[in-house]
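One structure is given here, and the rest of the page talks about it.
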Amino acid sequence: MSNSLKFTIDGLKANVEGKEILKGVSLEIKGGEVHAVMGPNGTGKSTLASALMGHPKYEVTEGSVILNDEDVLDMAVDERARAGLFLAMQYPSEITGVTNADFLRSAINARRGEGNEISLIRFIRQMEAKMKDLEMNAEFMHRYLNEGFSGGEKKRNEILQMLLLEPKLCILDEIDSGLDIDALRIVAEGVNALRSEDRGFLIITHYQRLLNYIQPDFVHVMMQGRIVKSGGPELSQRLEAEGYDWIKEELGIEDETVGQEPEEFKVPMATTAPKYN
Ligand SMILES: Nc1ncnc2c1ncn2[C@@H]1O[C@H](COP(=O)(O)OP(=O)(O)O)[C@@H](O)[C@H]1O
Ligand SMILES: [Mg+2]
């Protein structure tokens with residue numbers, strides 16, 4: 065299949081409660097590509113994920129986000145989901161009174177559209193199969209969404225949603241946090257099973273270890289609300305071995321967190337991800 069996905073973030077700036085957090089992020093993701101966004105805490109990674117998904121708290125002030133030919137910033141959150149955006153959240157919410165099965169079926173049907181709803185039998189079969197892949201107990205189907213789930217169970221549940229929804233652009237925010245090594249492997253296998261030429265991934269992670277299981281094509285480092293460095297998988301390996309300090313030294317960054325940057329950035333704003341044909 066040809067590369068049918070093109071997701072372009074250009075010069076994205078966003079405020080939270082009046083404070084600018086994203087300071088101009090540019091990134092292009094094509095079908096078949098896995099991009100990892102790495103960086104220390106407090107550098108704007110989750111803000112990027114929230115702004116892309118349309119969280120109401122995050123006000124985009126500049127820049128554009130285009131999915132194929134569609135203007136994502138013009139869409140409401142549900143329209144973004146229908147267009148094929150998906151976010152596996154760092155801190156998934158618990159929703160009492162809505163079972164996991166009801167939630168998933170509604171989500172799938174919202175994505176499929178009216179008149180094209182999935183049959184109950186088919187849904188249950190698919191859900192059971194994916195839960196088996198993720199080594200999730202079938203009882204989770206009937207539990208309230210994320211209520212009382214452990215950290216690792218919540219993360220598996222996010223991946224379950226992703227596997228069933230088959231999004232075009234999958235954003236995973238620290239899906240590895242709170243996972244032991246076995247759960248990490250299972251979750252990574254789930255992600256890898258979805259990798260395809262017409263789908264892209266934006267994988268946000270603090271640590272390299274997830275990237276041992278999900279091999280990225282491109283690695284970007286975020287500091288002070290911008291991407292300050294991009295490269296291939298070797299970049300994440302160097303981060304694993306040496307941490308983030310060498311990048312700060314190389315770029316003359318004293319404090320990498322948002323809000324601590326000087327008025328004039330030492331690193332030019334145009335540190336965008338390399339463009340590929
Ligand atoms: N909902 C929010 N309310 C207030 N401040 C926020 C909110 N979300 C993010 N921030 C601030 O934005 C900065 C970057 O946070 P975040 O994007 O979560 O970083 P990361 O995911 O890289 O750790 C932090 O200073 C954080 O306090
Ligand atoms: Mg975060």
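Going by my numbering, the first residue of the sequence shown is number 65, and it counts up by one from there.
Every residue gets a Cβ at the ideal spot worked out from N, C-alpha and C, and that includes glycine.
Remember, predicted model here, so these are calculated numbers, not experimental data.
Among the options, which one has its Cα closest to the Cα of residue i?
{"i": "Ala147", "options": "Met153, Ala171 and Gly127", "result": "Ala171"}
{"i": "Val322", "options": "Leu266, Arg169 and Met287", "result": "Met287"}
{"i": "Gly75", "options": "Gly106, His119, Gly118 and Val124", "result": "Val124"}
{"i": "Glu298", "options": "Asn276, Lys312, Gly216 and Ile250", "result": "Asn276"}
{"i": "Leu248", "options": "Gln272, Val141, Glu192 and Leu131", "result": "Gln272"}
{"i": "Gly96", "options": "Phe282, Asp309 and Val89", "result": "Phe282"}
{"i": "Glu130", "options": "Tyr122, Lys121 and Met117", "result": "Sequence check: residue 130 is Ile here, not Glu. When each option's Cα is compared against that of Ile130, the closest is Met117."}
{"i": "Glu320", "options": "Asn79, Thr72, Met102 and Gly82", "result": "Met102"}
{"i": "Glu325", "options": "Gly307, Arg290 and Gly295", "result": "Arg290"}
{"i": "Thr269", "options": "Glu253, Ile250, Val292 and Ser300", "result": "Ser300"}
{"i": "Ala174", "options": "Arg144, Met200 and Lys312", "result": "Arg144"}
{"i": "Phe71", "options": "Ala202, Asn201, Met205 and Ile235", "result": "Ile235"}
{"i": "Lys121", "options": "Gly215, Gly264 and Val141", "result": "Val141"}
{"i": "Glu327", "options": "Pro104, Glu134, Ile188 and Lys87", "result": "Lys87"}
{"i": "Val285", "options": "Lys219, Tyr308 and Gly216", "result": "Tyr308"}
{"i": "Gly264", "options": "Ser183, Ile73, Leu233 and Asn132", "result": "Leu233"}
{"i": "Glu92", "options": "Ser128, Val80 and Asn105", "result": "Ser128"}
{"i": "Thr160", "options": "Gly295, Ser68, Val80 and Phe213", "result": "Phe213"}
{"i": "Gly215", "options": "Lys194, Val251, Val136 and Ile188", "result": "Val251"}
{"i": "Ile311", "options": "Pro104, Gly82, Ser68 and Ile73", "result": "Pro104"}
{"i": "Asp133", "options": "Leu184, Ser294, Ile73 and Glu126", "result": "Ile73"}
{"i": "Val292", "options": "Thr107, Leu184 and Arg302", "result": "Thr107"}
{"i": "Asn79", "options": "Val136, Glu126, Ala305 and Arg302", "result": "Glu126"}
{"i": "Asp246", "options": "Asp237, Gly295 and Glu217", "result": "Glu217"}
{"i": "Val89", "options": "Glu306, Ser294 and Glu203", "result": "Ser294"}
By DSSP's criteria, residue i is part of a beta bridge. Which residues make up the other side?
{"i": "Glu264", "result": "Per the sequence presented here, residue 264 reads as Gly, with Glu not at that position. Gly264 pairs with Leu233."}
{"i": "Asp309", "result": "For Asp309, which the question treats as bridged, DSSP gives no partner whatsoever."}
{"i": "His270", "result": "Answer is none; His270 lacks a bridge partner."}
{"i": "Asp74", "result": "Ser128"}
{"i": "Asn79", "result": "Glu84 and Glu123"}
{"i": "Ile291", "result": "Met286"}
{"i": "Pro100", "result": "Contrary to the premise, residue 100 reads as Ala rather than Pro in this sequence. Answer by DSSP bridge pairing, in chain order: Ile267 and Val283."}
{"i": "Glu92", "result": "Thr72"}
{"i": "Leu303", "result": "Answer is none; Leu303 lacks a bridge partner."}
{"i": "Leu258", "result": "BP columns for Leu258 are empty, so no partner."}
{"i": "Leu149", "result": "Leu233"}
Since residue i contacts residue j with CB under 8 Å, what's their CB separation in whole angstroms?
{"i": "Glu84", "j": "Lys77", "result": "6 Å"}
{"i": "His119", "j": "Leu266", "result": "The pair is not a contact, with the Cβ atoms about 15 Å apart (cut-off 8 Å)."}
{"i": "Pro280", "j": "Phe150", "result": "Between Phe150 and Pro280 the Cβ distance is about 18 Å, and since that is not below 8 Å, they are no contact."}
{"i": "Ala165", "j": "Met191", "result": "7 Å"}
{"i": "Gly254", "j": "Leu168", "result": "Actually they are not in contact, since the Cβ atoms of Gly254 and Leu168 sit about 15 Å apart, beyond 8 Å."}
{"i": "Arg42", "j": "Met200", "result": "What is shown of the chain runs 65 to 341, which leaves residue 42 out entirely."}
{"i": "Leu137", "j": "Asp262", "result": "Going by Cβ atoms, the distance from Leu137 to Asp262 rounds to 23 Å, so no, they are not a contact pair."}
Do the stretch 226 to 237 and the stretch 254 to 272 touch if we need at least three Cβ pairs shorter than 8 Å? yes
Complete alpha helix (DSSP H) runs within the stretch 104 to 143 (minimum length 4 residues, chain order): 109 to 117
Stretch pair the stretch 298 to 317 + the stretch 112 to 125: three plus CB contacts closer than 8 Å: no
How about the stretch 175 to 188 and the stretch 238 to 258: do they share at least three Cβ pairs that are nearer than 8 Å? no
Going residue by residue through the stretch 151 to 234, where are the continuous beta strand (DSSP E) segments of at least 3 residues, counting only ones entirely within it? 159 to 163
Quick test of the definition: if touching needs 3 or more C-beta pairs under 8 Å, does the stretch 153 to 167 touch the stretch 199 to 219? yes
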